[in-house]
Every structure is written in structure tokens, then in C-alpha cells.
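Protein chains in written order, with my numbering: chain Y, 1 to 368; chain B, 369 to 676.
Backbone N, C-alpha and C fix where the C-beta goes; we use that ideal spot for every residue, glycine too.
Written below as C-alpha cells is the structure these notes are about.
In C-alpha cells, the structure reads:
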């Protein structure tokens, strides 16, 4: 190959990459506007209730990214959120709404904790994988129940997954208040064995190897959806169940599989929290990671890579929110308000078309 | 040791009727929305917002009936938001509903802390109290159950009757059902599909708000963070079990109300740990949704209607 040809080839690749970057940026404009819009409405809420929005968001930003500790905590918070986002989006690709990621995460964490505290004297390379597998199993079971009820009886998964989350919360609460309660007044188990702990990555912060697992899970989800037969079938069912059935795909099998895998992913997320961050099961340890995941999957454009970025954003809101709460006294619930506003903005993509038609986005030079 | 039989008495049935009341309001709200073709899983958040607004307005004015009005208005406002996103902007009904639920949970928690300084609960306010119906209260056994209750219990029965008449005996009801059955056909006969949908979803929110008012002003007299505890979803199950009819929803709500009352009684006698007993209503809901899943929903449910 001559030098010219190589240069030409390189230019082509570069142009292609540039084009992809620009299109992915334009594609995500609605999501970016959703986030900005949520923060603007959040600022109004803060101002009306007597807090300074600038001070609140400022301390949030500094808390989330100001130093290495902040960054570590941001990634720590992003980890379970990324898992639940992947869980939501995988089920969504099959046309299912898994509103039970919160419960699947809790059960996954609980199963992992049980394996972590009940086995002793095992080498790390056996105990740790066992505990993680237990988390996968727990989440998968919690996904399997609504999946079978949907496939065999037609029970709507929105209600059954939601209800099973409450069951997960109360059942685990029973165990850590009675049979598995550690001495003391806190509703929690005794610490897990050292051989079941996920190693910490950054001293002082709680960032653990669970973060690496979450990135691996995102890559695995891309692979599953794009490169495997199961993934193809899941997407086909999501696009058009009748056509998929005609093409010889078993929709029942496909949707059971999708919800089971979805539950399993959320389950590992819970296991990561217990084995890497808390190192024991604490009653109600999730502040709502399941719901963060839903928002993140939608903001991430329902694709795993976009979800990584969105999960870090939401992790930052959670970790920065804690510093904001401590230094300015703004109620922590503002985080959930922001999360809800983001979901509402992305719920109706037509809002953006509507404003575009009215000429509101002229300054963005968008062409449709 | 208290025996199980000791808790089965008139008091249990009275409690069952009480706990059915928020579900009656909310499930009928669900019926109006779904009859017009809009799935409303935001009922949970509308109830919670209603419960909060009722306490806030009572706290400010000292009059619990103004609180009830505030609950209805707040629920209606969220209904309007749901209609705006799903009817005007043809957004996804589940995503919009989830967003409203999250907004209600976060927003009420935030305001509760900003106003009363505690995230967990509000201050106590004046509740609605109970009224006795003369004659009715003197009937043995039955009088004990329905003779003396919160006014909202009686209002819920009136709502059932009115909703039945509205949906099945008036031209308006026919229009609503036509919109849910076949919006395009309804459109060609001159029904304003969008307007009908808006009306129904707003009404749905108002009823769910009233259900919330029962929890915070009728049952308790304060707001507790997340006090609806999934009742909006249980109301959806009652709607399905009742076959999308007001009378059916009343029956189904009584069943769920009974489970709730039984759960509370079982907790008080401490036969089982409370956490296990608390799962009962949720497990019952899953079973009901699974067993009665084959009941026919309004055909255009969940599908956004876009006018040609």
C-alpha cells in the first residue's frame, strides 16, 4: 500500500468517527435537554423553598468531583445504578417493563450476604465467585416469578414486579431483624467472611471491584443483544411479538429469559453492594438504586454505553447530594425529585418536536 | 395467648371496610382512565400527593374538609400532567406514570422535611373524625360494621353508584367507553377523543387524590413518608379483578381491604413477625393479577391515539 492510500484510508476512518460522534451527540440532545430541564425546575423548587440553588448545586458538584474521594464515591454510587439500568434496558428491549429491579437488587444482595456469612475457611477464588453467583441466583428467581406469571397466565409484569419488590423488602427485613440479626440495635447481619469480600480499588473511598464488574456487565449486555441468538430473539420480540412468533421464535421462552437475565443483572448489582461496599446485609440498604437505574437507562438512550455515562451522572448526583445535604441542609429528597423530572422529560420525546416546530430550538440549528 | 378466632369479629369487618375505602376511590379512578384508553400506574403517586396535600392544607387552614378539597385538586393536577404527556405528546404511559410516582415520592419527602423538619412524618392535624348514621348504627352486628365510620367511607359508596351511572347510563359514559374501545371510530362519530381522554385522566387523578385524603385525614391524621405503600398498584389489581366496572371494583376493594385489615390485626396479636404479615397484601395482589389476567381490558388501552 502506498503512503497516499494509507493517508486516504486514515482520513476516511477519521471522518467516519467524527460523523458518528456528531450524530451520537445530536441523537442525545433530547436527553441532554431533559437533564438540564430537570436541574432548572429543581432550581426553582430549591429557590421557592428557601434554599440557594447555586449553593446547592455548587456543593453537589464539588462533593461529586472536587477531590479523589468525591470521584471514588461517585463511581461507588454509579455502580449499582449501572447494574439496575442494564436490567431495565434488557427487559425493555423485549418489550417488558421491569419495575422490580429494586427488589431484585435487594434479594441479590441478601443471597450474597447469606453465602458470605455462612461459609468459612474457603479460599477467595471459591468463596467470592460463590457469593456473586448467589446474588445472580437471587435476582434471577425474583425475575423468574413475574416472568412465568406473564408467560403462562398473562399477568402484567408492571404490577407483579412492583409488588415483588415490596415482598423482597419485607422478607429480607424479617431475616435481618430475627434469625440473622447481628447483636446490637441495628437491623443488619454480622460481617461477611474476608474471603467473600470484593477488593476495594481506591483507599479511603468505598469504590470496589464491583465497579469493574458493572462495566463488564455493560459490555456483556451489548454482546448479548447484538451478537447472540438470544439477544436477537429478545429484540425481535420487543419490536413485534406477532412477527417474532411467526418467524419461529418462542415469545414465551424469550420473555421469561429476558426477565430472568434482567433480574440476574440487578441481583449482581446487589451482591456488589453487599460484598464490596457494606460487607454485611443492612436492612433497606438501597436508597432507590432500582429507580435510578430506570432513569439512567432512559437517559442513556436505552443503550448500555450511554447508560455508563448516565450512571456516572446519577452517581454524582447521589454522592454530591450527600455533601450538599450535610453542608447546606437541603433535604436529600431533592435527588429523587431531579430523577423523577428527568424521567418525565424523556417520557414524551414529542415535547422536543413540539418546541422545535414552534421554533424554540432554532439556536441549536437542528434540521429534521 | 390470643387465638386467631378472637380477631374475627365485627371490628375486623369494620376495619376491612375502612381499608377498602382508599382502594375504592383509586380503583374507580383507574377505571375512568383505562376506559378512555390510558394506563394509569401513576395512581400510586397521585394518592401519595393527595395524602400530603390534604394534610398540608389542613395544617394551614385548620379545616380538614379544605384538606380533602386540596387532595382532590392535587391529584387532578397530576392527572393533568399524565394526560399532557401521554395524550398531547403521545408519550409512553408506563414511563410517564413511573415518573409521576417518583416525583410524588421525592416531592412529598422533600416538602415534608422543608415544612415540618422531618422526612418521616408531618405534624398531627385535625382529622375528619367519624360520623354515626342514626338507625343504621343500632342494627346488631351490621351496625357495628357500617354504623359509625369516617364520612369518606360513605362518600366512597356514593362515588361507586355515581360512577356506575355515569359510565353505563349516560351519553357521556358511552362516549368514554367508545374512546377506549375504538378511538378512530369514536372520532368519526364526532367525539372529541383528546378532550375525553384528558377529562378521564384528570378525574382519575382526583379520585386517587381522594383515596390519599382518606389515608392521611380519615384513617390517620398526619402524613407519613411513602404512606400509600403500593396501594395505587393494589387498586389497579382491584380494577382488573372487578372487570373495569365500579361495582366490581368495590367488591374487589373489599377483598383487598379485608386482607389489609387482617394483616393489621395479626400484627397486633403478634402471632407472626410483622414483616412476614406485611407481605400478605402484596402476595395477594400478585395472585389476583395472575389468576384474573385473562379478563379483557379496554382494547385501546396503552396505545397512544394519534389523529390522522
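Roughly how many angstroms lie between the CA atoms of residue i and residue j, to the nearest whole one?
i: residue 341 of chain Y; j: residue 672 of chain B; result: 21 Å
i: residue 612 of chain B; j: residue 544 of chain B; result: 13 Å
i: residue 534 of chain B; j: residue 540 of chain B; result: 7 Å
i: residue 51 of chain Y; j: residue 193 of chain Y; result: 45 Å
i: residue 128 of chain Y; j: residue 11 of chain Y; result: 47 Å
i: residue 179 of chain Y; j: residue 436 of chain B; result: 44 Å
i: residue 458 of chain B; j: residue 406 of chain B; result: 11 Å
i: residue 505 of chain B; j: residue 516 of chain B; result: 6 Å
i: residue 456 of chain B; j: residue 161 of chain Y; result: 29 Å
i: residue 551 of chain B; j: residue 451 of chain B; result: 16 Å
i: residue 268 of chain Y; j: residue 17 of chain Y; result: 34 Å
i: residue 383 of chain B; j: residue 145 of chain Y; result: 31 Å
i: residue 368 of chain Y; j: residue 27 of chain Y; result: Any reading at residue 368 of chain Y needs caution, since the residue's pLDDT is 38, under 50, leaving its predicted position unreliable; the model's value is listed next. If I take the Cα positions, the gap works out to 11 Å.
i: residue 582 of chain B; j: residue 520 of chain B; result: 7 Å
i: residue 667 of chain B; j: residue 570 of chain B; result: 21 Å
i: residue 663 of chain B; j: residue 318 of chain Y; result: 42 Å
i: residue 363 of chain Y; j: residue 356 of chain Y; result: Here the model assigns residue 363 of chain Y a pLDDT of 49, short of 50, so the residue's position is not dependable, and the following value carries that caveat. Going by the C-alpha atoms only, they are around 10 Å apart.
i: residue 257 of chain Y; j: residue 236 of chain Y; result: 13 Å
i: residue 102 of chain Y; j: residue 376 of chain B; result: 35 Å
i: residue 19 of chain Y; j: residue 13 of chain Y; result: 10 Å
I'd like the list of long-range same chain contacts for residue i, defined as Cβ closer than 6 Å, with 5 residues on each side in sequence excluded.
i: residue 173 of chain Y; result: 283
i: residue 264 of chain Y; result: 136, 139, 140
i: residue 572 of chain B; result: 397, 400, 401, 408, 447
i: residue 388 of chain B; result: 621, 622, 625
i: residue 231 of chain Y; result: 224, 225
i: residue 653 of chain B; result: 602, 605
i: residue 477 of chain B; result: 487, 593
i: residue 548 of chain B; result: 403, 404, 405, 666, 668
i: residue 635 of chain B; result: 642, 645
i: residue 300 of chain Y; result: 306, 307, 310
i: residue 130 of chain Y; result: 115
i: residue 290 of chain Y; result: 84, 101, 102, 105
i: residue 112 of chain Y; result: 131, 134, 135, 271, 274, 275
i: residue 76 of chain Y; result: 206, 207
Below 7 Å CB to CB, which residues in the same chain sit around residue i once its five sequence neighbours on both sides are set aside?
i: residue 252 of chain Y; result: 151
i: residue 311 of chain Y; result: 78, 81, 82, 85, 296
i: residue 428 of chain B; result: none
i: residue 648 of chain B; result: 627, 631
i: residue 316 of chain Y; result: 64, 65, 74
i: residue 596 of chain B; result: 412, 415, 416, 419, 580, 583
i: residue 564 of chain B; result: 404, 543, 544, 547
Closer than 8 Å by C-beta to residue i: which residues in its own chain qualify, once you throw out the five before and the five after it? Chain order, please.
i: residue 531 of chain B; result: 396, 399, 400, 614
i: residue 302 of chain Y; result: 89, 92, 93
i: residue 220 of chain Y; result: none
i: residue 528 of chain B; result: 392, 396, 614, 615, 617, 618
i: residue 590 of chain B; result: 423, 489, 490, 491, 492, 493, 584
Does the distance between the C-beta of residue i and the nearest non-hydrogen atom of the ligand NAD fall short of 6 Å?
i: residue 502 of chain B; result: The model on display carries no ligand, and the ligand NAD is accordingly not part of it.
Does the count of Cβ pairs from the region 325-344 of chain Y and the region 282-296 of chain Y closer than 8 Å reach three?
-> The answer is yes - the region 282-296 of chain Y touches the region 325-344 of chain Y, with three or more Cβ pairs under 8 Å.
Interface residues of the region 459-479 of chain B facing chain Y [CB-CB below 9 Å] = 459, 460, 461, 462, 463, 464, 465, 466, 467, 468, 469, 470, 471, 472, 473, 474, 475, 476, 477, 478, 479
Taking any Cβ of chain Y, which residues in the region 597-610 of chain B have a Cβ under 7 Å from it, in chain order?
-> 598, 601, 604, 605
Count the C-beta pairs between the region 341-355 of chain Y and the region 24-41 of chain Y that are closer than 8 Å, then say yes if the count reaches three, no if not.
-> yes
Whole alpha helix (DSSP H) runs in the region 75-102 of chain Y with 4 or more residues, listed along the chain?
-> none
Complete alpha helix (DSSP H) runs within the region 108-146 of chain Y (minimum length 4 residues, chain order) = none
Along the chain, which unbroken stretches of the alpha helix (DSSP H) at least 4 residues long are found entirely within the region 202-228 of chain Y?
-> Taking only runs of at least 4 residues, the alpha helix (DSSP H) segments lying wholly in the region 202-228 of chain Y are 210-227.
Start-end ranges of the beta strand (DSSP E) lying completely within the region 148-206 of chain Y, minimum 3 residues | Runs found: none.
What are the complete alpha helix (DSSP H) segments, minimum 4 residues, inside the region 541-590 of chain B?
-> 551-556, 561-581
Which runs of the alpha helix (DSSP H) fall wholly inside the region 394-450 of chain B and span at least 4 residues, in chain order?
-> 411-429
Is there contact here, the region 469-480 of chain B with the region 589-603 of chain B, by at least three beta-carbon pairs under 8 Å?
-> Because the criterion of three Cβ pairs below 8 Å is met, the region 469-480 of chain B and the region 589-603 of chain B touch.
Assess, as a yes-or-no matter, whether the region 271-283 of chain Y is touched by the region 194-207 of chain Y under the definition of 3 or more beta carbon pairs within less than 8 Å.
-> The answer is yes - the region 271-283 of chain Y touches the region 194-207 of chain Y, with three or more Cβ pairs under 8 Å.
Under 7 Å (Cβ pairs) to chain Y, residues found in the region 418-445 of chain B = none
Touch test, the region 324-333 of chain Y against the region 106-124 of chain Y, Cβ-Cβ under 8 Å, three pairs minimum | no
Decide if the region 181-195 of chain Y is in contact with the region 232-242 of chain Y; the criterion is three or more beta carbon pairs, one per stretch, under 8 Å apart.
-> Not touching, per the Cβ criterion.
If contact means a Cβ-Cβ distance below 9 Å, which residues of the region 318-352 of chain Y contact chain B?
-> 330, 331, 332, 333, 334, 335, 336, 337, 338, 339, 340, 341, 342, 343, 344, 345, 346, 347, 348, 349, 350, 351
Quick one: complete alpha helix (DSSP H) runs, 4+ long, within the region 635-662 of chain B?
-> 642-646, 648-659
Residues of the region 651-663 of chain B with a CB closer than 8 Å to any CB of chain Y: list them in chain order, please.
-> 651, 653, 654, 657, 658, 659, 661, 662
Could you name the residues of the region 477-497 of chain B whose beta carbon sits closer than 7 Å to any beta carbon of chain Y, in the order they occur along the chain?
-> 477, 478, 481, 482, 487
Check distances from the C-beta atoms of the region 139-162 of chain Y to those of chain B and list, in chain order, the residues that come in under 7 Å.
-> 149, 153, 154, 155, 156, 158, 159, 160, 162
Taking any Cβ of chain B, which residues in the region 28-49 of chain Y have a Cβ under 8 Å from it, in chain order?
-> The residues in question are 45, 49.
Give the residues from the region 632-652 of chain B that approach chain Y closer than 8 Å (Cβ to any Cβ), ordered along the chain.
-> 641, 643, 644, 646, 647, 650, 651
Cβ-based contacts, 7 Å cut-off: residues of the region 159-190 of chain Y near chain B | 159, 160, 162, 163, 164, 166, 167, 170, 171, 173, 174, 177, 178
Proximal residues, the region 83-115 of chain Y versus chain B, C-beta separation under 8 Å | Cβ contacts with chain B come from 97, 99.
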